[in-house]
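Each residue of the sequence shown is one higher than the one before, counting from 456 in my numbering.
Here a beta-carbon is modelled for each residue, glycine too, at the ideal position from N, C-alpha and C.
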Amino acid sequence: VGGRTASSARARGPFRKSEFKPHCVVWTPFFPISAVLPWLGHIGITDSEGEVHEFMGCGGSHGYGLSFGPICRYYPLDEHRAAVALDDGLEHAYDQMDGVMHGGCVNNCHSFVAWALDGAVYEGCTAWTMIELAARIFFCGRFASVLMLLYWLVPPVIFFYFQPKAFLYCVIVPLAVFCVPNWIRRRLRSSGREQQVHWKQEPKIFSLCGVCMGA
Numbered sequence: 456v457g458g459r460t461a462s463s464a465r466a467r468g469p470f471r472k473s474e475f476k477p478h479c480v481v482w483t484p485f486f487p488i489s490a491v492l493p494w495l496g497h498i499g500i501t502d503s504e505g506e507v508h509e510f511m512g513c514g515g516s517h518g519y520g521l522s523f524g525p526i527c528r529y530y531p532l533d534e535h536r537a538a539v540a541l542d543d544g545l546e547h548a549y550d551q552m553d554g555v556m557h558g559g560c561v562n563n564c565h566s567f568v569a570w571a572l573d574g575a576v577y578e579g580c581t582a583w584t585m586i587e588l589a590a591r592i593f594f595c596g597r598f599a600s601v602l603m604l605l606y607w608l609v610p611p612v613i614f615f616y617f618q619p620k621a622f623l624y625c626v627i628v629p630l631a632v633f634c635v636p637n638w639i640r641r642r643l644r645s646s647g648r649e650q651q652v653h654w655k656q657e658p659k660i661f662s663l664c665g666v667c668m669g670a
């Protein structure tokens with residue numbers, strides 16, 4: 456993964472530094488859809504200078520904030536949990552999505568951010584998914600301000616007040632169906648990595664014992 460180059464789409468203007476906090480996954484709701492599905496929205500990611508990067512089709516873009524509204528929620532990223540610089544991971548996302556058309560449920564804004572985290576090997580993972588990102592924002596995301604909390608919260612509250620039964624099918628069932636298998640997948644991958652590390656370390660122990668015994 457290379458750094459910023461003259462030919463990179465990320466290196467071309469317009470530039471709007473300090474749009475938000477550096478190194479965050481940022482999110483804004485899709486209204487009116489997010490009033491019914493409050494976990495659904497548009498996401499992007501900020502670089503080390505706080506500039507917002509997103510995917511709207513035909514490659515990544517920056518310099519305009521989030522296209523569907525103000526930054527409502529955000530999930531901070533820790534540079535120390537990335538094996539590669541987060542900005543380099545962002546370049547990886549630009550490379551992967553260059554010239555790619557928006558595909559709705561595939562090749563979308565979540566895919567772009569997932570590629571960025573894959574490129575940075577964030578949390579040791581190179582298989583970030585749309586479900587993982589949506590869950591992180593919904594369960595762990597912070598609100599940009601009290602006003603943004605109300606901006607996200609009021610429309611769903613009004614909808615579910617008049618349609619209380621819809622809460623089961625619009626929130627609980629989708630989150631259970633998508634998030635539980637994704638959590639199991641993460642646990643299995645984590646266990647697999649631990650086992651791989653164990654088998655990599657074990658021959659070294661035997662080798663060391665062999666040297667000692669030979670001596």
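>> How far does the beta strand (DSSP E) with Ile500 in it extend, from its first residue to its last?
In response: 496-501
> Less than 9 Å separating the beta-carbons of Ala589 and His565?
Replying inline: yes
> What number of angstroms, rounded off, separates the C-alpha of Leu545 from the C-alpha of Asn637?
Replying inline: 23 Å
>> Looking only at its chain, what residues have a beta carbon closer than 6 Å to the beta carbon of Ala538, apart from the 5 residues adjacent to it on each side?
In response: Val576
> Ala631: which of Ile586, Ser516, Ala466 sits nearest, CA to CA?
Replying inline: Ile586
> Can the beta-carbon of Ala464 be found closer than 9 Å to that of Tyr529?
Replying inline: no
> Grouping DSSP H, G and I as helix and E and B as strand, with all else coil, what is Ala537?
Replying inline: strand
>> Need the endpoints of the beta strand (DSSP E) that His478 sits in, please.
In response: Per DSSP, His478 belongs to no beta strand (DSSP E) and is neither H nor E.
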